[in-house]
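Read the structure below first, then the notes.
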Amino acid sequence: MSWTNDRKLCFAGQGEDDKFLHDQLLPHNFEDACKGANAPLVLRMQPGYDHSYYFISTFIDDHIHHHAKALKCA
């Protein structure tokens, strides 16, 4: 399978200060799985954030733009 365009790019964000990061969320396991499947991933780890309202409200525009681009709306 070929992953050649933005429609196939997975974009994930995670706060580095999330208390569930190392025991439950494990974003680097997801990153490893994507590498193993040769699936492109942008994993942005954000220092100083957990996964609260402030994290989401700060970075939601980036995710909306990513999805709009993938849907060819932007």
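First residue of the sequence shown? That's 53 in the working numbering, and the numbers climb one at a time after it. Where a beta carbon is used, it is the ideal one built from N, C-alpha and C, also for glycine.
Cα-Cα separation, Y106 to L61: The count along the sequence shown starts at 1 and reaches residue 106 at position 54. The count along the sequence shown starts at 1 and reaches residue 61 at position 9. Rounded to the nearest angstrom, the two C-alpha atoms are 25 angstroms apart.
Pick from T110, V94, L93 and A64: whose alpha carbon is nearest that of Y101? Taking the first residue of the sequence shown as 1, we reach residue 101 at position 49. With distances taken between Cα atoms, Y101 lies closest to T110.
Which of the three DSSP states is assigned to G127 in this structure? An answer regarding residue 127 cannot be provided, because it is not within the stretch 53 to 126 covered by the chain.
Among N81, L77 and M97, which has the Cα closest to the Cα of E68? Locating residue 68 in the sequence shown gives position 16, counting from the first residue. The shortest C-alpha separation from E68 is found at M97.
Closest to D91 by C-alpha separation, out of F63, I108 and D114, would be which residue? Within the sequence shown, the letter at position 39 stands for residue 91. In the sequence under discussion, the amino acid at residue 91 is Ala, which differs from the Asp named in the question. The shortest Cα separation from A91 among F63, I108 and D114 belongs to F63.
DSSP on L73, reduced to helix/strand/coil? Translated into the one-based positions of the sequence shown, residue 73 becomes position 21. Looking at L73 - three-state DSSP - the assignment turns out to be helix.
Which word fits Q76, buried or exposed, when buried means at least 16 other C-beta atoms lie within 10 angstroms of its C-beta? On the sequence shown, position 24 is the one that residue 76 refers to. Q76 is exposed by the Cβ-count criterion.
Just list the residues that DSSP pairs L95 with in beta bridges. On the sequence shown, residue 95 is found 43 positions in, with the first residue counted as 1. According to DSSP, which records beta bridges pairwise, L95 is partnered with A64.
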